[in-house]
Structure formats: C-alpha cells, structure tokens
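Protein chains: 2
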Amino acid sequence: MRRMTARPANAHQARLLRLLRDGGPRSRAELGDRVDLSRSKLAVEVDRLLETGLVVADGLAASRGGRRSHNIRLAPQLRFLGVDIGATSIDVAVTNPELEILGHLNQPMDVREGPVAVFDQVLAMVAKLRDSGVAEGFDGAGIGVPGPVRFPEGIPVAPPIMPGWDGFPAREALSQELGCPVMVDNDVNLMAMGEMQAGVARSVRDFFCVKIGTGIGCGVVVGGDVHHGTTGSAGDIGHIQVEPEGRQCACGNRGCLEAYFGGAALARDAEEAARDGRSPELARLLEANGRLGAADIAVAASAGDGTSLDLIREGGARVGQVIAGLVSFFNPGLVVIGGGVTGLGHTLLASIRTQVYRQSLPLATGNLPIVLGELGQVAGVTGAARLTSDHLFSPA
Amino acid sequence: MRRMTARPANAHQARLLRLLRDGGPRSRAELGDRVDLSRSKLAVEVDRLLETGLVVADGLAASRGGRRSHNIRLAPQLRFLGVDIGATSIDVAVTNPELEILGHLNQPMDVREGPVAVFDQVLAMVAKLRDSGVAEGFDGAGIGVPGPVRFPEGIPVAPPIMPGWDGFPAREALSQELGCPVMVDNDVNLMAMGEMQAGVARSVRDFFCVKIGTGIGCGVVVGGDVHHGTTGSAGDIGHIQVEPEGRQCACGNRGCLEAYFGGAALARDAEEAARDGRSPELARLLEANGRLGAADIAVAASAGDGTSLDLIREGGARVGQVIAGLVSFFNPGLVVIGGGVTGLGHTLLASIRTQVYRQSLPLATGNLPIVLGELGQVAGVTGAARLTSDHLFSPA
DNA sequence: ACCCTTTGTCCACTGGCGGGAAAAAGTCGT
DNA sequence: ACGACTTTTTCCCGCCAGTGGACAAAGGGT
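Line by line, the protein sequences are chains A and B.
The first sequence begins at 1 in my numbering and counts up by one.
The second sequence begins at 1001 in my numbering and counts up by one.
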C-alpha cells in the first residue's frame, strides 16, 4: 500500500512535470519550446525523469514535418486523491496525473461529528473508490477542511464550526492511513486552486474566490499562489460586519455577513417567510421537505416566488457590498462566486454585480469579471489534487 | 550629470548588495555566514563587485579573533533620490547607499497644478539639495504619486485627485531630466516599503499600511512584496462604503470612508463645529488660522476639547470598521497607521484598535499589532529610495 | 529521388564551483 | 614575550555540469 513516489531532483524537472500536467503529453521538442534549456540539458533532465519513472514515453507525437518524435507523458499510473470536507458533506475524488477526475463520491456528513468519525467516513469512501478500480495506491492526497489551517503543518486552528478539530494533526493522521504525503488546507483555498487549475481562473494570477455555502469564505490568490495570511485565517470574510448593531451572529458579534446570507441564515429566513405566510411557494416546499435550504429557494425563485427572489437579491447585495470593499482593497483580475448557493444562479450574480460595480471605483471594476465557478462540486477536490501534485512536483 | 551605474550580473551579487544595504558594511567572512556560497564563489563575486565599483573595501572589520579582515561596503558615493508627491506637498530626500537620509526638503504644493508644474518644483528642490553638497548625481530615483500607477511602466492612471496626470509618462520624463533610472509607484505603497525598510515593519512579510492624509489609502505587502493589483489600484480603500446611503462623496457615491474621515472631511467637520459654537476651542483656532486642519484638531484635542476628541474617536471607529474587514480578509501580521493624521496619535489609535479588536475574529486579531508608523514624513521618501535601490540591486 | 526540416544523440570544451592547503595576521594563555 | 591556536584570505587543482556544434535518423515536400 505504501508508495514512495520519486520527487524531481531540481527546479527544471519540477517545471517539466508541471508542464506535462497542465498541458498534457508532448514531445521533447515541444517541451524545449517552453523551457529555456539547451537541447542537451533538456534531454538529460528528461532522461532522468524517465529513469525515476515519473514520466514515460508513449506513442508518436504529431509530426511537425521532420524526424518523428515520441511523446513524453506523466506516468499514467500516478494517482492523486482529493478530499473536500464541507460543513455538511464530504467529497472524495481520484485523479489521474493530469488532475482529471477518474472517480468521485459524495456523502452527507456533519463535520461536527469530529475528526475521528469524519476520517473514518473518508477512509471508507476511499476504499470504495479503490475497489471500483480507478486506483490502487495514491501518490499524494490533498484535504480541504472548512476552517482555518496552520498551513505547512496541516493542522486546523480554532475552527469555529468544527469543534473537536482544533489542533488535530490531520496531515499526520491521514498520511499514516493512506501511506502517501498529505497536504491540508482550507476548503475555500482549495476551491480557488481548483478554479485556477481547471476552471474559470486559468491564467489569472490575482483573484479571489468567494464560497457561499453553509458559511461564507474566500480564497485569496496573489501572483498565482494562495495567500494564507499570518495565522492561516486569510479569507475569513463571513464575519465582516455589514450592518452596525445588526443581527446577532453565532460568533458573538452583531451584523456579520453570515448572519444575513449563507446557507444557515438563508434557510432561517426562508422558513420564517414560509411560516409568516409571506410565501405560499416556500410554505409548500417546507411542508414537503420538513425544512428549507438554498436549493428550495432556487426552486421557488425560478417558479417566480417574489419572496425568494427578494431574499436572493438582498443577500446578493450584502455579499456584493463586502466584495466591493475587497475589490477596492485588492484590485483582483477576477472574482469567482462558488459554493452551495450557486444554484441561485444569475439572480444572485446580477445582484452581486450591481452592488460591486456601483460601489467600487471604475479603475478597479472597469475590466473586472465577476463569474460563477465552473467546477461546481468538483472544484474542491480538483484543488486538493492540485495542491498535492504541486507538492510532489517540487524539488525534494 | 548622466551616470551609468553598474548593475549586478547575477542573483548572488544582487543578494550581496542588499545584504550590505540592509546590514551595513561587513567583512567577506561575515557575508559568507549569511549566504550559502562556497568561499571561492563568494570571493569571486565580491571581486567582481569590487571591479564594477558597486562596492569598495574600507578599513578593518571588527576582529573575531583571527587574521584581520577588511570591511566591504557599498560604494559610499552612491546616491538615491526619493520623491514623495503628496496631495498638498512635496518631499524630496537624498540617501546614501544604506538608504539613510542625507538631506531632506519639504515644500507645500498642490498636486492639481499638474505634472509639469510639479516636476519643475521637484527639479528645483533636487537642485537645491545638490547645491547643498550631499550629492552630485543620482544612481536611481523613486517617485511616489498620490494615485494609482500602472506599475512597471510608471504611468499614473485615472488618478481621481490628480487631473492632468492621467497617462503622463512620469518615469520617462524624470529619467530624462535626472539622467538615472526612475521608478514610480503609489505614495502609499512607498510608505509601506519605507516602514518595511527602516520602520516598524522590518521583518514583517504580510502587512498593510493605512495612510490617512488628505485622502485615505493603503499599501498592501504580501510576502515582502508590494501588491499592486491588476490595474495598479490595489489599496484604494478611501471609497469603501461605511454608511449605506450616507454622505455624498466627491467620487459620486455615497457613504465613502473618505467622506467621513481623512484630511478634507475632518477639516470640514471641524470648521462646522467651530461655526456652530459646539467647540469654542476650534472656533478660536479657526479665527487664528483662517482655516482648520488635522493639526488644529490635535491641538484642540490635547487641550481637552470634547468635540475634537469626538471627531477623532468617530473617525477612528469608521477607519477601524474598514480595517476590521480587511484584517479578516487578509490576515496580516501587522497594521501600520500613517499619514498626516498621525498627529492625532493615541486617541485615534485607541479608537481604531477598539473597533478592529471588537469586530474581527480572535484568530486574526489575537496577535495583531496595530501601530503608528515610525518614520513620519520620511516614510515615503525612504520607500522611494528603497524602490529604486531594489531595482538597481537586481540582476540586469 | 532529392533536398530540406525536424528531432534525437554524442562529444569535446569550457567555465564554475567546491574544498584542501598554505599563508597571513590576529588572540590568548603561560 | 613567546608559542599555540584561530580566523581569514588567497591560491590552486580537480571535478563535473552544461553548452553548443557536429552528426545521424527519420520524416515531408517537390
């Protein structure tokens, strides 16, 4: 089970591996066009990578009109594991070396049941994926948890919605179980990495990624790297105040963004509207399901329910208000909206956009796309796989 | 007048030059302790630097008990020029290679008079400094302007308070006049670099620096580098909304931070209080000076004037409210407050701190110092000198 | 067929770099 | 005051990685 995957010996090799990961198989010559190495040097480094087994030669490359050349590709049996632990569910996926998803499972689970129960569940899901034949062992795993993480160590710190996780040595524990290197980060940061790897943020170097799920968080990318902050809590925007002396929030303060928008607040508002009789549509859904969530509001809204539309618009305006401030501060090249509420779709997006474009200065917003994430449920696991592959594909 | 200063040939040399700049003269052996180079390699690189004239040998180093060694220092005749163009005044300073200020001039000047007039004034001040004998020519110059700058090109873009500067090729123009390389950046970014070079932010890698002068801006430092953002407008926090449907702001929106605090708003509020009869103290000062500024409010406040204290407290709370949000987002290791209103001192700081510590989560604020800048008026010019020296001390 | 292009391989030369040894010039103990 | 020991600088040799050119292999186009 344990698998000691080789690591590149130098920055050149690391560069080549990432090129092959992100651009797919190519010939030596095409690699040479991309890196600034002499032909001899390139040949030497590729040969060494072939020796370690990290890459293999296969098939002929498309001809460019001269001597035929063989393609070089990452060893096809490499497997990365991506785990995304959300507040209320777990995603686990296996990818090939190019970070394409080969198998994906999702299971509801409350993170508050604690690290032991959650990790048992994760391991069961991993076993199931393994049984399905997509992987035998893993060369690296990335885990996203819904709270701040002391980054290099991979240890959650003071996570508000994850009692029992504080200081839990997640990285160590899982590394033992899986027999491969493990990287841990905040789930929102991984979503950002996912969108950077395979989603809307490809080739954008400065952006942030707002995830609106049960809570609200934000992954910050500076110069292509995730910004963790001094204590690993960067992007924790759910408790920014949007209303002085506003609603009581679970964190103890008043008027936090999360007290107005995000899964929990939205559900509460919707249920209130259902019981008040303000929205017959929502009342009907509440009757049917026993409780309401973002998905129900989406349904009601698309059925033309005014109350639901108002809830989305008001929430979007609140989020937009916060984003507008952050855009002024950070001047990103892109803002990505993701998470459970993306089902609210264009109503939400329009509302956010209106607010941001109205409140920020033209220089910062002039050419600023605000878009929904492309990857949906696989953003987190893709980012997790990318995190661990970045680690594996860096000089030892 | 034109001066072609040599540049380091590789990253090792650049590293050595910066070590000598920031740590002062040292012997070869002490340099060897700091960089990971073999003795031979180090000797070769130092010899080359000696040949180019960027460094010189002088005097004996403090003995560590063996063969005596000579100190290596940056060529003492190197001179950097730092120019800080504020909204209402210009600072010009000349530094030695260690970025210590040898001569400093300050002149009031309204930036709205346009780039030509301002640059004439700058050149006059430079000439005066040159006449005073601190420098003959310059090896590099850094300029700070009070508005967004397209960074590598050194061109102001759409500066709200600087009509006539949009697109003005500041870098080119000044480079012609001074006969040396010129770097241009936002004045707030330079203040941040200054505090990082010689002030409170030494050895802090992630922080931001809020400058409250006529306007309000913020320099953002990530991993030791200034973050410019996609269009160069990162840190433009003066127009973050702090009050929905609040006061009309000059930018066209309502409720901007700058409409409540910062030099202009503060002066207006103070004059209003003076005329209302709410503050006899301020009325007296208004009578005496014809108008009021931050300094007058500081005087009144320290004389115990309640209205002035309230103004400071309320403004501090508003700034604190914005900073609290940014702290949650960015999770810095330090927040520096600088600019013209630092005269308001501890009343202001206390008010900001209260607000930030109350509104942000403990994980982000737990160990977060919020302090006044150390460098005051020389922060900008020091940062400007650092900017240009960083440029000069990087591989060609 | 012939020529040109592209790709892969080989090899000799160069220059950088590490580290040993010795020389230079101190400190410190006796 | 002298010798032993340290620290620093300088010199020098050998290793080896990387460069770039030559050459071979294997196509395409005319």
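Beta carbons are placed, not taken as given, at the ideal position from N, Cα and C, and that holds for glycine.
Predicted, not measured: the structure shown is a model, and the values here were computed from it.
| Asked | Found |
| --- | --- |
| Contacts that alanine 265(A) makes with chain B (C-beta to C-beta distance below 7 Å) | Under the 7 Å cutoff, chain B gives no residues; its nearest Cβ is about 17 Å from alanine 265(A). |
| Which residues DSSP lists as bridging isoleucine 1337(B), in chain order | Val1210(B) and Leu1372(B) |
| Beta-carbon proximity check, arginine 67(A) vs glycine 179(A), cutoff 8 Å | no |
| Cα-Cα separation, alanine 1364(B) to isoleucine 1352(B) | 15 Å |
| 8 Å Cβ cutoff, aspartate 236(A) in contact with chain B | yes |
| Environment of glycine 1133(B) [buried if 16+ CB atoms lie within 10 Å] | exposed |
| Proximal residues of chain B, C-beta to C-beta of asparagine 96(A) below 7 Å | Going along chain B, no residue has its Cβ under 7 Å from asparagine 96(A), so there is no contact; the nearest lies around 32 Å. |
| 7 Å Cβ shell around serine 328(A) - same chain, five flanking residues per side excluded | Ser360, Leu361 and Ala364 |
| Cβ-based neighbour list, glycine 380(A), same chain, cut-off 8 Å, excluding 5 preceding and 5 following | Gly82, Asp84, Gly86, Asp91, Gly144, Asp187, Leu190, Met191 and Gly194 |
| Short Cβ contact (8 Å threshold) for glycine 1213(B) with aspartate 1236(B) | no |
| Other residues of its chain near methionine 1125(B): CB distance less than 8 Å, five sequence neighbours each side excluded | Ile1090, Val1092, Leu1105 and Gln1107 |
| The stretch 366 to 376 of chain A contacting the stretch 217 to 226 of chain A, beta-carbon criterion three pairs below 8 Å | no |
| 8 Å Cβ cutoff, leucine 157(A) in contact with chain B | Note that residue 157(A) is valine in the sequence shown here, rather than leucine. Yes - at least one Cβ of chain B is within 8 Å of the one on valine 157(A). |
| Nearest candidate by alpha-carbon position, reference aspartate 139(A), set Glu281(A), Ser302(A) and Thr5(A) | Thr5(A) |
| Residue-level contact to chain B via CB, asparagine 253(A), 8 Å cutoff | yes |
| Under the three-state DSSP convention, the category serine 1302(B) falls into | helix |
| Beta-carbon neighbours of aspartate 206(A), restricted to chain B and to distances below 7 Å | Gly1229 and Thr1230 |
| Residues bridged to aspartate 84(A) [DSSP beta-bridge criterion] | Asp91(A) and Gly144(A) |
| C-beta neighbour in chain B for glutamine 248(A), strict 8 Å | no |
| Residues in the stretch 1319 to 1344 of chain B having any Cβ partner in chain A nearer than 8 Å | Gln1321, Val1322, Ala1324, Gly1325, Leu1326, Ser1328, Phe1329, Phe1330, Asn1331, Pro1332 and Gly1333 |
| Spatial neighbours of glycine 1167(B) in its chain, beta-carbon cut-off 8 Å, leaving aside the 5 residues before and after | Ile1155, Pro1156 and Val1157 |
| Validate contact between the stretch 1315 to 1323 of chain B and the stretch 1289 to 1296 of chain B using beta carbons, cut 8 Å, 3 pairs | no |
| Three-pair Cβ contact test at 8 Å for the stretch 1382 to 1395 of chain B versus the stretch 251 to 268 of chain A | no |
| Beta-carbon proximity check, glycine 215(A) vs glutamate 258(A), cutoff 8 Å | yes |
| Where glutamine 176(A) falls, given that 16 or more other Cβ within 10 Å makes a residue buried | exposed |
| Presumed contact (8 Å Cβ cut-off) between leucine 1031(B) and leucine 1019(B), rounded CB distance | 6 Å |
| Secondary structure of methionine 162(A), DSSP reduced to three states | coil |
| Meets three-Cβ-pair contact criterion under 8 Å: the stretch 326 to 343 of chain A and the stretch 43 to 56 of chain A | no |
| Bridge partner(s) assigned by DSSP for methionine 183(A) | Gly142(A) |
| Min CB distance histidine 1012(B) to chain A below 8 Å | no |
| Per-residue contacts from serine 233(A) into chain B (C-beta, under 9 Å) | Ser1328, Asn1331, Leu1361, Leu1363 and Ala1364 |
| Uninterrupted beta strand (DSSP E) stretches inside the stretch 60 to 84 of chain A (no shorter than 3 residues) | 70 to 74 |
| Where histidine 227(A) sits in the DSSP three-state scheme | coil |
| Contact set between isoleucine 1240(B) and chain A, taken where Cβ atoms lie within less than 7 Å | Gly325 and Ser328 |
| Own chain partners of leucine 282(A) with C-beta closer than 6 Å, once the 5 adjacent residues on each side are dropped | Ala270, Ala273, Ala274 and Ala300 |
| With 16 other Cβ atoms within 10 Å as the buried cut-off, status of valine 55(A) | buried |
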